[in-house]
Amino acid sequence: ACNGGNPNSGPSPAANVPGVSNDTITIGAVLDTTGPLKVICAPILAGDQLYFDKINAAGGINGRKVKLVQVSDDGNSTKTKGAVRQLFEQNNAFALFQVCGSGNANVASSYTNAKQIPFVDPIGGGSKFNDAQGKALPWVWMTQPNYGDEGHVIGYYLTNKQHAKTVGLLYENDVLGLQQKTTLGESLQKNGAQLSTSVGYNATQTDFTAAVQTMKAAHPDIIVLNGLPGPTAKFIAAATSQGYHPPMGYLANYPMADNSWAKVLGPAGEDTYVSGYTSTAAPIGQEYLKATSADTSFSAYKFYGYINAKIFSDALMKAGKDLTRDSLRNALDHDFSNYDTGFGPSLTWTPDKHGGVSDFMFLQIKKAQLTQVSDFIKAAQVWP
Amino acid sequence: MTQKPTMDQVSGPDVAAQPEVESRRKPGLILQLKNQRNWLGSICGILALIVLPQVYDQFFGSSSAFQLHRISLIGIFILAALAQNILTGYAAQPSLGNAAFFGVSAYILTWLSSDLGQPYWIGILVAVLVSALLGVLVGSPALRISGAHLAVATLGLVTTVGTLLNYWDTTAGRQNYDLSNLPDFLNDDHTLYYFIFAIVVCLLFLSYHLLHSRVGRAWIAIRDNETAAEAFGINLTKYKLQAFVISAAMTGLAGALYATWATTASSSMSSADQTIAFLAMIVVGGLGSLTGSVLGAIFVGFLPVLLGQLPSPMLIGTFQLQISTLITGIYGLLLLLVLIFFPSGLSSLGARAGNWLQRNCSGEEQHG
Amino acid sequence: MIAFLQVVIAGLVTGSLYGLLTLGIVLIYRTTGVLNFAYGAIAALCACFMYILLTVARLNFWLALLLTLIFAPLLGIVLERGFARPVLHAPIFTKAIATLALALVLETIIQAIWPQLAEVQHFSTPFEGQAIRLGGLYISAIDIVILVVTAALMLGLNLFLLRTRLGIAMRAMADSIPATRLMGASVGRIFMLVWAMSSFLAAICGILLAGQSNLINVQFMDPILLPAFIGAVLGGLDSLPGSLIGGILVGLVSNLLAYLLAGHTIGSLDIGNPAIRDSVIFAGFVIVLLIRPQGLRGRALLRRV
Amino acid sequence: MLKVEQLHVGYGSLEVLHGISFEVPQGAIVAILGSNGAGKTTLMRALSGLIPIKAGNIELMSKPLRRLAAERRLREGLALVPEGRELFGSLTVRENLLMGAYTRHSRIEIEQDIERILTRFPRLKTRLQAHAASLSGGEGQMLAIGRALMSHPRLLLLDEPSHGLAPIIVETVFEVIEQLNREEGLTIVLVEQNAHQALDVAHTAYILQSGSIVLNGEATVLTANSAVQELYMGG
Amino acid sequence: MAEVMQAGPLLEIQHLSVRFGGLTAINELDLQIAEGEIFALVGPNGAGKTTVLNCISGLIKPAAGSIRFAGNELLSLQAHQRASLGIGRTFQQLQLFNSMTVLDNLLTARHTQLHAGILSGILPFGRSKREDASTRQQAMDTLVLLGLESYARRNTGSLPFGVQKLIGVARALVLHPRLLLLDEPAAGVPPQEVQELAARLRSWQNELGTTLLLIEHNMRLVQAVADRICVLDYGRKLAEGAPGIVLSNPAVLEAYLGRGATKKVQQEGITHAES
Ligand SMILES: Nc1ncnc2c1ncn2[C@@H]1O[C@H](COP(=O)(O)OP(=O)(O)OP(=O)(O)O)[C@@H](O)[C@H]1O
Ligand SMILES: Nc1ncnc2c1ncn2[C@@H]1O[C@H](COP(=O)(O)OP(=O)(O)OP(=O)(O)O)[C@@H](O)[C@H]1O
Ligand SMILES: CC(C)C[C@H](N)C(=O)O
Ligand SMILES: [Mg+2]
Ligand SMILES: [Mg+2]
């Protein structure tokens, strides 16, 4: 009953809206800080916190401080629903900001959709949120790109810019990996090259020798690495220790777009390409770097949290002083047209389209540092 | 495996140390007293379960539905702990394979219900039957393998099943597996709560009787001494297999209910973590003790949820603690402390209290 | 052919790592009847300690190694005193679960004091990038180190357990703690020694694994724990050479299968898929156990009446 | 040599021994008799340090034992052949004997002692490499006795040493007891159901009933006591 | 259980051989025990006595031979099936169900006589509970018979050794077995109770017609109860026959009884005790 469906019903609208009081906005996040995704989620949470602290110190959003309540679901999608319910039924959150993992985000969205709660930034490279667009999931807004789009762009970049003819793919054996396998294959074929071999791996796999030898036997010009930092680094280490290096080296997808990965690889990783979509070149990037100058190393995940917190804060800002879930939805649907994310690509949401950014650029490891070596390429341009 | 006396087994050592006194007493008196205590306890427990939702409504107001939903989870874990306890605490099979049934059953229910559109009840029935069948499949080789070998082999089974379920998800292009079209009353947190706890109470009641029957005695005999059990005509194959099947079916039921509770199934249900959690429940609660299954399920199943409530970051003076990243460690520490102070399980707390009671009762009697 | 040999060698090396990991596990299991699930965390803690010495304290590799190898037994003693001793007389399952709880605590501690190790880091050794070439075959220096160290430790430890007074007492302790005390052996001290030795072995294993992949983080040992346990059971759990053989078998078979099955399908089933491959390996493991329930080198449990 | 004063021992809240006092002079053989459940085994366990005592004192050659752990008491020269043998089942017979000599260091002497024990119990010789778990009841009892002797104790506690032994071996055991006592001055405390034989070798004896000493005296005197004969020697 | 009444021995062991690795524990042993007989198996430690018992109750598979019991070939049956033919036993090393009460030990021993399965077991009423009630009574009766009733509700594991020994006997007896195998029942039992035990063994044999195969080192007991004795040495039969004759056999004296007994024989002469 108190869903805030009608913003003009009383003199003090905030009293009617869950999670919104005169001086605070409570927002919820489901980030796995205790389970297997801890490595990703803990820095993201730290980035979120950093940005919201900054905003709050500057007086908050439209006079209200942001209070972020985070619950961990252990990365286990059967616990996600409980976590989300806690946020909205116990902690009385206003909106959902970030759920980590594609499957987990799906579970969360089925709850938030039914309750008409805005859910911004499901952290997952799955295609569902893009495919479904705003019509099927009118309350979910995606900020990050998906693996399918990325596969297309990588295929385009490898053929048109690097002139590779044959490509090998190492992918994490899950839905996302398979999705990239499909789109990369399509894209290569369209551009006159081919995916000569692809090898799946398990997240817990430790020995990559067989994978290396299988790749080696297929003589690809370059190997695309899809997955997470640990296993992909192990693959490169294994290949190096067996004296194998593909002629054009490696290209890794965006979860590896972090200097920490470059450092992990050590000398063996020199010249490796990485696909990425966040750049610290813009003012917000510089601002972030200054704020985190005490950190031992740059963390792309923390930066991810920071810039997404910014997007979300902007949305809250645009939703106005009389904040309701509908006003936030309105702002998200209508006020984000060619919105400058501040980390490179621009973002456009319409009532029908809630997909995230789909521009990628390529970086290369030079002296253990990621250096941008291409401009942003729009997925829509290479794969209409 | 040595076994400290549990609530179900204690007798007053002081009394019995003087056989003359004891023998004058009516045989069965202690048992009657104990039974009365058990009865009283059970009835109080059931009453508490019945009124809990009302209390919650008063206390938590609008969030009471969610809080109840959370409590229902304990019920599911009690079932799983009970199943593990029958297999490990009574029939002494150190099997770590139960999470496999937990996961498979959830998938079968979800598959039948969401993909094939079968009624929920058919789904549950088939899920439990398939689990029981898998129990036979797992139990038969387990008859040849024992001890740590069995533990590791079944742990391998759980991760393999988890991998295969994940493979199924992957090939079916699923990012998660929703359990839709539940019967209406299961979508309501109050009725779901009553539904789950009705099952729990029933199964606890039936298990109590089973464990005190010929079958239960056969299991305990196998646990205490396989050779003697065999020499007294207990068919090891049959009774171990029965324990596996019952345990599997019960875990399967728990798995299906879990999927119902979470409205989704995930391959992480069949993981090493999950299966070890089941074992941890009965170790923390007390091996070979029904009360232990309940206490263990609460401790292991619910404590992490409660810890998740701690505000993060927490300020202690000027020191900012990121509790969320420490939760696992805090939980581990608590677990460790319980194991150190109650090596034979939390149920020994009850046994200690019971002993004390009995001592006082019998003291009175001697004077009277 | 070269590729095949390369896969075989890698299988041997991985298998040796499994075997090395199980040395410490079997040592504790045989002497105290504890299945130590915290072993991976202990190994990780030691390797992380060395990583910190290398990167933060910027010590020379060998000095860091030496300090770590001193640190490890001390850690073992602390753990024994603070954690294992109180549960010494607890039932076997209780001890196993307690080690799991310990693992959780240790991992949290590592992360709390060295947050950078939550993420994967580069672990460098002097052997990095060095290899011997035999024809087309690459054998990296670290692999040779692993094989040699494993063989030496296995032999030494086995002799120790079978021949020395202390070794016999350690095995005696597994049968009966009271009787061991009646023989005048200080159970507490032996127990401490067992933990010290096992932590030492864990440290070596952790360092070698980190050195091989040049990667490290808090949980980097976790994935190899289960295959190592499986190897140990395959070998028989109570025999050190057995667990090495078991470990090597697991390493070899999984590598060969991964290589041979890659890219093949049966009907629509992609048998090169890791999920299918792991299931095949597991099935094989169960079949071996059914034929030899006590493991390849284990003795059947004897209970006389 | 051994002095026990007002010893109270029990399990949990149950007290089994209610204040027992006795002395064992150097070089004596003392028998402790009593029916089932009298607390004989409990006394042996308390003396050897396997269970804690609730009150009272134990002194070995004027040294208080109360705070010493079982392993320290062995080093003080006190060895026990426990009830139920308590062998190391997964160790071989030989390794069991070696464990008995844990506190000793001379390899040559240890080997000589093993040899001596094997000549006394030839049955063990054939089973030297067998795992102790595979032994027959009597073989195991022989090993338990042999193992305790390996430590060269000054005070030997025997809890029903003749248990499960063939008559001919029982004879050997009592011979060994007498011989060690005579030749090496070994002090012995002996718990036995076999009261005849126990009183035969013992110098003095104590009779334990429900955790208290009800009778004590010279073995020969007790043997003649009609109550003792009826209660403990089968008439 | 098939009630095949037949002439000939109740238990017939033929050419039984058992080997453990290189050790031949039983070597071509032949034994015959008639229904209602009390038969004692004696011999030096490690002679193979317990092994014979283990072969009969099925805990060991012999290398060769046959064991027939009441018309059944035991070696083709599994251990638990043999119990239901009416074979009960005690163990040298107790092997009680230590976490149970004494009473539950006895209830468990009557396993083969009861029938309740899972389905009736889970119910709080019905067959299972009826069976239990009557069994409880039988168990109490057996305990009373052995003077153990005061221990009925004690946990078995912490009782004195001698008492546990008797509980082992009670547990075997509660089955009302046709053949009762006793492995050193008198070890650890005080002398005055040995006599009581002897009287009891005799009376069971008289009243219940139980056939007894007894292993014992206590010659008083053996002499008091045994109808026939077989002396085993190194897995072979050394002598067999009436106690008086066998126990004065010089070979037996030398291998088993030793000088003390020799002396005693010379002094007292061995008499066969009346029942
Ligand atoms: N581990 C234990 N826990 C509890 N009570 C025990 C334990 N061991 C023995 N008792 C109790 O202590 C008392 C004395 O037992 P103990 O074993 O000392 O008798 P004993 O004289 O050695 O008898 P036996 O001649 O049968 O060996 C008995 O009442 C027994 O039940
Ligand atoms: N499972 C086994 N493995 C190896 N050897 C065994 C096994 N069981 C028995 N033995 C050996 O077989 C021989 C006979 O043992 P058994 O237990 O039958 O002797 P016993 O006549 O009962 O002796 P005791 O009077 O000492 O009890 C012994 O030497 C024993 O060590
Ligand atoms: C942040 C990303 C690494 C998340 C990843 N793409 C996923 O779907 O799980
Ligand atoms: Mg005793
Ligand atoms: Mg025997």
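Chains as they are written, first to last, in the working numbering: chain A, 1 to 384; chain F, 385 to 752; chain C, 753 to 1057; chain S, 1058 to 1292; chain P, 1293 to 1567. Built from N, CA and C at the ideal position, the CB exists for glycine as well.
Contacts of residue i in chain F (Cβ-Cβ under 7 Å)
i	result
N1025(C)	Y551
Local Cβ density within 10 Å of residue i, reported as buried at 16 or more and exposed below that
i	result
V373(A)	exposed
C586(F)	exposed
C1522(P)	buried
W814(C)	exposed
H219(A)	exposed
W261(A)	buried
L721(F)	exposed
F1312(P)	exposed
S1119(S)	exposed
H1407(P)	exposed
Rounded separation between residue i and residue j - CA only
i	j	result
S1267(S)	V1461(P)	24 Å
H1307(P)	A1431(P)	38 Å
L1117(S)	L1107(S)	16 Å
I1318(P)	A1190(S)	18 Å
L775(C)	M906(C)	7 Å
V760(C)	M944(C)	38 Å
H354(A)	W139(A)	9 Å
N1251(S)	S1219(S)	8 Å
L1369(P)	L1302(P)	17 Å
G713(F)	T860(C)	5 Å
D333(A)	L518(F)	51 Å
L1247(S)	G1221(S)	16 Å
V1150(S)	Q1186(S)	6 Å
R1051(C)	G767(C)	22 Å
L1366(P)	N1541(P)	33 Å
Within chain C, the residues that residue i reaches when beta carbons sit closer than 7 Å
i	result
R1132(S)	G936
DSSP beta-bridge partners of residue i
i	result
H354(A)	Partner(s): none; H354(A) has no beta bridge.
Within chain C, the residues that residue i reaches when beta carbons sit closer than 9 Å
i	result
T1160(S)	M935, G936, A937
Contacts that residue i makes with chain A (C-beta to C-beta distance below 8 Å)
i	result
V759(C)	T209, A210, Q213
I976(C)	T206
Chain-ordered chain F contacts of residue i [CB-CB under 9 Å]
i	result
D1433(P)	Result: empty, since nearest Cβ-Cβ is about 11 Å, beyond 9 Å.
Contacts that residue i makes with chain A (C-beta to C-beta distance below 7 Å)
i	result
Y1011(C)	A210, Q213, T214
M653(F)	T78
Inset, instruction - Pair every Cβ in the region 461-471 of chain F with every Cβ in the region 627-637 of chain F, then say whether three or more of these pairs are closer than 8 Å. - result: Because the criterion of three Cβ pairs below 8 Å is met, the region 461-471 of chain F and the region 627-637 of chain F touch.
Inset, instruction - Give a yes or no on contact between the region 1255-1267 of chain S and the region 1090-1098 of chain S, applying the rule of three or more CB pairs nearer than 8 Å. - result: By the Cβ rule, the region 1255-1267 of chain S counts as touching the region 1090-1098 of chain S, because three or more pairs are nearer than 8 Å.
Inset, instruction - Name all residues in chain order for which at least one heavy atom of ligand 7 lies closer than 5 Å to the residue's CB. - result: Among the ligands in the structure shown, ligand 7 does not appear; only ligand 1, ligand 2, ligand 3, ligand 4 and ligand 5 can be found there.
Legend entry - Given 8 Å, three or more beta-carbon pairs between the region 1354-1362 of chain P and the region 1381-1396 of chain P: Of all C-beta pairs linking the region 1354-1362 of chain P to the region 1381-1396 of chain P, fewer than three are shorter than 8 Å, placing the two stretches out of contact.
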